[in-house]
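What follows is one structure encoded as structure tokens, with my remarks underneath.
Right under this line is the structure:
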């Protein structure tokens, strides 16, 4: 990335003590999110302190800081839960299983599994044991 691009990207961001806005995602959580003073293009967040929203009974999603290129979530599944609908992908999506076991398309994925879905794919993950996973959607440029 050229220095001019880095400067323009930094100029597109607004940071205050309580609100951070970038080109895709807006969130407010000064207690858990900070911009690195040495690198204003880097954001640090303590994921367990980010507010969780219940997607369906027993499934909680935390939206993580994003950019124009990617969005991320931390998703916690209670034992015996299933994503509420078929998840259709307009862009590439991937997830990394941090704990537990995810059953997706008849395959079981445990801790350390990294699963990538191409645009146009779909799936409906579920779990018998409970699971925690990091999900990332890549955005079109």
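In UniProt numbering, the protein residues as written are 1 to 141. For glycine and all other residues, C-beta sits at the position ideal for the given N, C-alpha and C.
Exercise. DSSP on residue 54, reduced to helix/strand/coil?
Worked result: Numbered from its first residue, the chain shown carries residue 54 at position 54. Here residue 54 sits in strand by DSSP.
For this session: For residue 127, I'd like the list of residues in its chain whose CB is within less than 7 Å of its CB, leaving aside the five on either flank, ordered along the chain.
Result: In the chain shown, counting from the first residue as 1, residue 127 sits at position 127. Hits under 7 Å: 77, 79, 81, 100, 101, 102 and 103.
For this session: Give the single residue among 89, 88, 90 and 125 whose Cα lies nearest to the Cα of residue 97.
Result: Numbered from 1 along the chain shown, position 97 holds the residue referred to as residue 97. Ranking the options by Cα distance to residue 97, first place goes to 125.
For this session: Run the CB neighbour count on residue 41, radius 10 Å, all protein chains shown included, and call it buried at 16 or more, exposed below.
Result: Position 41 of the chain shown holds residue 41. It counts as exposed.
Problem set entry | Limits of the unbroken beta strand (DSSP E) element including residue 80 | Taking the first residue of the chain shown as 1, we reach residue 80 at position 80. Unbroken run through residue 80: none, as it is neither H nor E.
Exercise. Just reading off the beta strand (DSSP E) that residue 139 is part of, what are its end residues?
Worked result: Position 139 of the chain shown, counting from 1, holds the residue named residue 139. Careful: residue 139 lies outside any beta strand (DSSP E) and carries neither H nor E.
For this session: Would you decide whether residue 66 is buried or exposed? Buried here means 16 or more other CB atoms lie within 10 Å of its CB.
Result: For the purposes of this step, residue 66 is taken as residue 66 along the chain shown, with counting starting at 1. Buried is the call here.
For this session: For residue 70, write down the residues that DSSP places opposite it in a beta bridge.
Result: Within the chain shown, the letter at position 70 stands for residue 70. According to DSSP, residue 70 bridges with 138.
Exercise. In whole angstroms, what is the alpha-carbon distance linking residue 69 and residue 59?
Worked result: Locating residue 69 in the chain shown gives position 69, where the first residue counts as 1. Locating residue 59 in the chain shown gives position 59, where the first residue counts as 1. If I take the Cα positions, the gap works out to 26 Å.
Problem set entry | Where residue 109 falls, given that 16 or more other Cβ within 10 Å makes a residue buried | Along the chain shown, one-based indexing puts residue 109 at 109. Looking at its Cβ environment, which holds 16 or more other Cβ atoms inside 10 Å, residue 109 is buried.
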